[in-house]
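Protein chains in written order, with my numbering: chain A, 47 to 217; chain B, 47 to 217. For glycine and all other residues, C-beta sits at the position ideal for the given N, C-alpha and C. Below is one structure, written out as structure tokens, with a few remarks after it.
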DNA sequence: GTCTATACACCGATAGAC
DNA sequence: GTCTATCGGTGTATAGAC
């Protein structure tokens with residue numbers, strides 16, 4: 047996962063994946079018979095599990111909406127290492143949309159949007175407003191990671207996370 | 047440029063660049079002796095010129111601030127093909143920050159931020175507020191492109207552009 | 001389940017004819 | 001300035017021993 051999020055699909059060579067995992071190429075093919083696409087699939091499956099447990103479930107929880115948004119922030123701050131680490135979804139989703147894993151990228155983003163809309167509805171916002179705000183918030187997070195990495199300055203990432211809870215709940 | 051923005055640095059093979067330009071590999075090396083890095087440099091130089099003329103100069107112009115922001119929107123809407131095309135800066139900037147072209151990516155983003163802050167200062171915002179709003183706006187644009195491409199739905203891109211002028215000038 | 005050794009295609013890059 | 005032909009290296013993927 048670290049190699050993929052950093053180097054992207056084309057940059058993540060089997061040699062790099064072999065080095066990073068400590069397994070020889072043949073061992074990788076033993077575990078992932080369909081090759082690199084298979085490895086990407088396993089990484090995305092693991093990511094889905096992680097996000098479901100650490101991000102989506104807390105968002106859908108039944109606590110106060112503001113607390114659920116702060117929980118998202120804590121998870122994201124760790125996940126992106128304060129804006130210093132790239133986003134795997136963005137790196138894989140930004141390229142060609144014809145890749146076999148692209149539908150799964152799309153689905154993960156869709157689940158994130160739906161999970162984030164939940165606390166906004168719970169705070170009294172209409173379903174349509176909750177949804178558009180959730181989309182905009184995730185776009186802001188993604189853009190903040192891109193810009194923080196490009197500028198090599200994570201200020202914009204920290205500021206974006208800090209502003210989100212109050213702005214999302216504003217009436 | 048089209049190949050690079052779509053496929054990224056590692057995905058943009060010389061065969062693809064040869065096909066896209068209609069030149070053989072040797073002809074490409076005649077024009078770009080240092081190979082792919084040289085070609086990326088030329089693409090970035092061309093992008094800088096284009097952005098300077100179509101994006102930064104209009105932002106720095108002396109018309110009403112709102113009109114300058116609307117001019118940026120028109121340029122971006124065409125540049126990203128209504129949110130359907132990837133961003134070259136994002137695709138090259140999201141990966142390893144040790145690449146030789148990364149400082150130029152950083153510089154182009156920095157110039158964009160500075161150019162966008164100008165009309166905000168002209169509208170009476172303090173320099174520090176103008177700068178942070180400019181950074182946030184560019185992050186939102188980048189994130190909107192990432193999300194629009196990942197979801198294969200450009201709604202979020204159109205909505206982001208539409209909201210920017212008034213939100214940026216809000217006091 | 002891991003390894004060494006290898007197959008073959010494509011990579012970036014070069015030589016040299018025209 | 002473009003081409004064909006080719007280089008050495010690396011890419012993904014496989015065979016087969018242990």
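- Between residue 156/A and residue 186/B, the C-beta gap is not smaller than 8 Å, which leaves the two residues out of contact.
- Taking a C-beta distance under 8 Å as the contact criterion, residue 151/A and residue 137/B do not qualify as a contact pair.
- The closest CA to that of residue 146/B, considering only 154/B, 83/B, 57/B, is found on 83/B.
- Against chain B, the CB of residue 160/A has no partner CB under 8 Å away; the residue lies outside that interface.
- At a cut-off of 8 Å between beta-carbon atoms, residue 64/B makes no contact with chain A.
- For a Cβ distance threshold of 8 Å, nothing in chain B lies close to residue 131/A: the least Cβ distance comes to about 11 Å.
- For residue 206/A, the chain B residues whose C-beta falls within less than 8 Å of its own C-beta are 182, 185, listed in chain order.
- Buried is the label assigned to residue 163/A, since at least 16 other Cβ atoms lie within 10 Å of its Cβ.
- For residue 148/A and residue 191/B, the gap between their C-alpha atoms comes out near 15 Å.
- Distance check between residue 134/A and each of 93/A, 117/A, 195/A places 93/A closest, using alpha-carbon atoms only.
- Per the coordinates, the alpha-carbon of residue 129/A lies some 15 Å from the alpha-carbon of residue 48/A.
- In this structure, the CA atom of residue 99/B is about 12 Å from the CA atom of residue 117/B.
- For residue 212/A, the closest Cβ of chain B is not nearer than 8 Å.
- At a C-beta separation below 7 Å, residue 121/A has no neighbours in chain B, since its nearest C-beta there lies roughly 18 Å away.
- Secondary structure note for residue 208/A: its alpha helix (DSSP H) is the uninterrupted segment 201-215.
- Counting every other CB atom within 10 Å of its CB across the protein chains shown gives residue 67/A a total below 16, marking it as exposed.
- Note on geometry: alpha-carbon atoms of residue 200/B and residue 143/A lie some 13 Å from one another.
- Just measuring C-alpha positions, the residue of 160/A, 210/A, 215/A sitting nearest residue 120/A is 210/A.
- Annotation: residue 71/A to residue 86/A spans about 15 Å, alpha carbon to alpha carbon.
- The Cβ atoms of residue 202/B and residue 182/A sit closer than 8 Å to each other.
- Contact of residue 202/B with chain A by beta-carbon distance below 9 Å involves 178, 181, 182, 184, 185.
- Residue 154/A places its beta carbon 8 Å or farther from that of residue 177/A.
- Annotated as proximal: residue 195/A and residue 132/A, with beta-carbon spacing under 8 Å.
- With respect to the 8 Å criterion, residue 74/A and residue 63/A are classified as neighbours on the basis of their beta carbons.
- Residue 59/A and residue 126/B have their C-alpha atoms some 30 Å from each other.
- With the criterion set as a beta carbon lying under 7 Å from some beta carbon of chain B, the stretch 80-100 of chain A has no members that meet it.
- In the DSSP assignment, residue 70/A falls outside any alpha helix (DSSP H), carrying neither H nor E.
- Chain order gives the chain B residues near residue 143/A as 195, 198, where near means a beta carbon separation below 7 Å.
- Judged by DSSP secondary structure, residue 83/B falls within the alpha helix (DSSP H) whose first and last residues are 82-97.
- Straight-line measurement puts the Cα of residue 61/A at about 26 Å from the Cα of residue 95/A.
- When Cβ-Cβ separations below 8 Å define contact, residue 135/B makes contact with chain A.
- Between residue 169/B and residue 104/B, the CB-CB gap reaches or exceeds 8 Å.
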